[in-house]
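The block underneath contains the structure these notes are about, expressed in structure tokens.
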Amino acid sequence: MSFEEYLEAYDGVHAEWVDGRVFVMRPGNEPQGRLSRFLASIVQYWADVHDVPGETYVNAYPLRLNEQTAREPDVFFLRNEHAGRAHATFMEGAADLVIEVVSPSTRAVDRGVKYYEYEQAGVPEYWMVDPLRERVEAYRLGSGGVYEPVAPGDPPVLRSEVALPGMWIRAEWLWRNPLPRMPEVFEAWRNEPRPGGGS
Numbered sequence: 004m005s006f007e008e009y010l011e012a013y014d015g016v017h018a019e020w021v022d023g024r025v026f027v028m029r030p031g032n033e034p035q036g037r038l039s040r041f042l043a044s045i046v047q048y049w050a051d052v053h054d055v056p057g058e059t060y061v062n063a064y065p066l067r068l069n070e071q072t073a074r075e076p077d078v079f080f081l082r083n084e085h086a087g088r089a090h091a092t093f094m095e096g097a098a099d100l101v102i103e104v105v106s107p108s109t110r111a112v113d114r115g116v117k118y119y120e121y122e123q124a125g126v127p128e129y130w131m132v133d134p135l136r137e138r139v140e141a142y143r144l145g146s147g148g149v150y151e152p153v154a155p156g157d158p159p160v161l162r163s164e165v166a167l168p169g170m171w172i173r174a175e176w177l178w179r180n181p182l183p184r185m186p187e188v189f190e191a192w193r194n195e196p197r198p199g200g201g202s
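Each residue of the sequence shown is one higher than the one before, starting from 4 at the first, in my numbering.
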């Protein structure tokens with residue numbers, strides 16, 4: 004199947020295209036979907052409050068990473084300066100930040116082939132959030148075009164220095180049920196701009 008056929012046949016479906024084959028993604032459970040929406044809300048809220056023009060996307064919008072691969076990250080952020088990459092039904096090339104919410108069925112792909120695909124496509128920051136294991140991983144593209152791990156610290160915090168400089172998310176927020184409301188997040192940002200220091 005060609006990329007154009009994939010776009011037409013799977014419009015609105017959470018599906019990925021690799022080497023001419025289409026992989027329809029299993030629907031995530033509602034807690035996973037809720038976590039994706041929460042992450043997207045935090046990212047967009049930070050961007051709006053700190054005047055970083057850009058758009059946050061949640062599922063069902065393919066990133067065409069190369070001539071043979073289109074992936075649909077759970078969450079990604081695209082700065083307005085790169086808005087020319089976005090088309091009506093897909094985005095050409097790298098987003099500025101990609102977040103995958105890991106599940107048992109996607110863990111191997113998210114930590115394996117997708118990691119290398121995002122790296123090779125030039126995605127500056129890649130985060131993996133594993134709610135089952137209550138674990139976060141963050142990677143930043145180094146000067147040689149290779150991902151370098153970013154230590155989450157103790158307690159663990161996700162930090163962006165490229166897509167949204169200065170943004171941070173406490174990992175413990177992600178494991179709560181119910182998830183925090185945005186006023187609590189904003190209050191934490193106001194009172195503790197850079198928790199734990201470092202990057």
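Ideal Cβ positions, reconstructed from N, Cα and C, are used throughout, including at glycine.
Same chain only: Cβ atoms within 7 Å of residue i, ignoring 5 sequence neighbours per side
i   : result
L10 : T92 and F93
Nonlocal neighbours in the same chain, by C-beta distance under 6 Å from residue i, ignoring five residues either side
i    : result
D157 : none
V46  : T59 and F80
P159 : V139 and A174
R143 : E128, E151 and V153
Q71  : D22
V116 : none
W176 : P183
P155 : V139
Three-state secondary structure (DSSP) of residue i
i    : result
A141 : strand
Y129 : strand
R135 : Here residue 135 turns out to be Leu, not Arg, going by the sequence shown. L135: coil per DSSP, three-state reduction.
E103 : strand
R110 : helix
Y118 : helix
Y13  : coil
E195 : coil
G201 : The predicted position of G201 is uncertain, since its pLDDT is 48 and thus under 50; no value can be drawn from it.
S5   : coil
Cutoff 8 Å; reference residue i; Cβ partners in own chain excluding five residues on either side
i    : result
E75  : H17, A18, E19, M28, N62, A63, Y64, P65 and L66
P30  : H17
D113 : E103, V105 and M131
L68  : R74, G96, A97, E120, Y121, Q123 and A124
S202 : Its pLDDT being 44, under 50, S202 is placed unreliably in this model, and the coordinates cannot settle the point.
S108 : R29
V25  : M4, Y9, A12, Y13, A18 and E19
Cβ separation of residue i and residue j, assumed to be a contact under 8 Å, to the nearest whole Å
i    : j    : result
M185 : S44  : 6 Å
R37  : L182 : 7 Å
Y129 : Y119 : The pair is not a contact, with the Cβ atoms about 10 Å apart (cut-off 8 Å).
A141 : V149 : A141 to V149, Cβ: 15 Å. No contact.
A89  : L167 : About 17 Å; that fails the 8 Å criterion.
W192 : E137 : That pair is no contact at about 22 Å.
Practice problem: Starting from the N-terminal side, write out each stretch of the alpha helix (DSSP H) that is 4 residues or longer and does not extend beyond the segment 16-97. | Solution: Fully enclosed alpha helix (DSSP H) runs of 4 or longer: 33-52.
Quiz item: At what residue ranges does the segment 143-186 contain a whole run of the alpha helix (DSSP H), taking only runs of 4 or more?
Solution: Listed in chain order, they are 174-177.
Exercise. Examine the Cβ distances between the segment 95-110 and the segment 163-174 and report whether three or more of them are shorter than 8 Å.
Key: Touching, yes, given that three or more Cβ pairs across the two stretches are closer than 8 Å.
Self-check item: Meets three-Cβ-pair contact criterion under 8 Å: the segment 51-60 and the segment 75-87
Solution: The segment 51-60, when compared against the segment 75-87, does touch it at the 8 Å Cβ threshold.
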